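S.K.: Structure provided below as structure tokens; questions to follow.
Numbering (this note's numbering), first residue to last: 1 to 253.
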């Protein structure tokens, strides 16, 4: 199954974040993160909640869809942070590890072409796991910033960049912008100096820069105007201003 390599990378991302969390002092879990109103505990509670839902989506689509409707009907309450506000930091860490392991175990047993429902469009298993890796990295980045730990930067950022580039149509749609099929060339320099590319090389519209910088922009951890990305062409500028690698409503940072 072609998604097994992705599972290895997801496990490595979980492990890298787990190492950061295991090094935190108990008081660090209450530190505020760049997400306004969210603590370190809230970030991990969010990951725990949606890893649990991801396993549900893989196991039983009908149950997941019913749960999704319940969550939507309860808005604006965000149930993803409830566990983190009722559990000790040690219990929350244990639950997050448990749900991330369950997700990987379940995903290992499904076919790559299975369609998995989610909060945006349904996805193939590889795309679904890429999205989980992206979420783990993005929320893990918030934790690293809050706790003053080095950012987790590895070649796994290629998955984050890939979903950021692929989500361009969704980014335009969710921001009520017209669909735009003009090709965009994306050229990024990875952590080891390798070049990662997407889109036709002859495209007039281009985004060029550092992979980590780009990943911060598409996960809305950095405003495009604060990045060092080189953006050329109207279509590229319109996209990068609203680029969003995750499902849900539009938002900035």
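Where is the CB? At the ideal position from N, CA and C, for every residue including glycine. All values derive from a computational prediction rather than experimental measurement.
In terms of residue numbering, what span does the alpha helix (DSSP H) encompassing residue 241 cover?
M.R.: From DSSP, the alpha helix (DSSP H) with residue 241 extends over 234 to 242.
S.K.: Can you give the Cα-Cα distance for residue 135 and residue 202, rounded to whole angstroms?
M.R.: Each residue's Cα considered, the two are about 32 Å apart.
S.K.: In whole angstroms, what separates the C-alpha of residue 193 from that of residue 163?
M.R.: Rounded to whole angstroms, residue 193 to residue 163 spans 20 Å at the Cα level.
S.K.: Less than 8 Å separating the beta-carbons of residue 7 and residue 41?
M.R.: Result no, Cβ atoms of residue 7 and residue 41 do not sit closer than 8 Å.
S.K.: Is residue 230 buried or exposed, if buried means 16 or more other CB atoms sit within 10 Å of its CB?
M.R.: Under this definition residue 230 is an exposed residue.
S.K.: Report the option in 182, 114 and 244 whose CA atom is closest to the CA atom of residue 160.
M.R.: The candidate whose alpha carbon is nearest that of residue 160 is 244.
S.K.: Might you give, ordered along the chain, the residues of its own chain that have their beta carbon closer than 8 Å to the beta carbon of residue 228, omitting 5 neighbours on each side?
M.R.: Hits under 8 Å: 209, 210 and 213.
S.K.: Is DSSP giving residue 113 helix, strand or coil here?
M.R.: Reduced to three states, the DSSP call for residue 113 is coil.
S.K.: Could you say which of 172, 69 and 166 lies nearest to residue 117 if we only look at CA atoms?
M.R.: When only C-alpha atoms are compared, the closest one is 69.
S.K.: For the alpha helix (DSSP H) that residue 40 lies in, which residues bound it at each end?
M.R.: 40 to 59 is the extent of the alpha helix (DSSP H) around residue 40.
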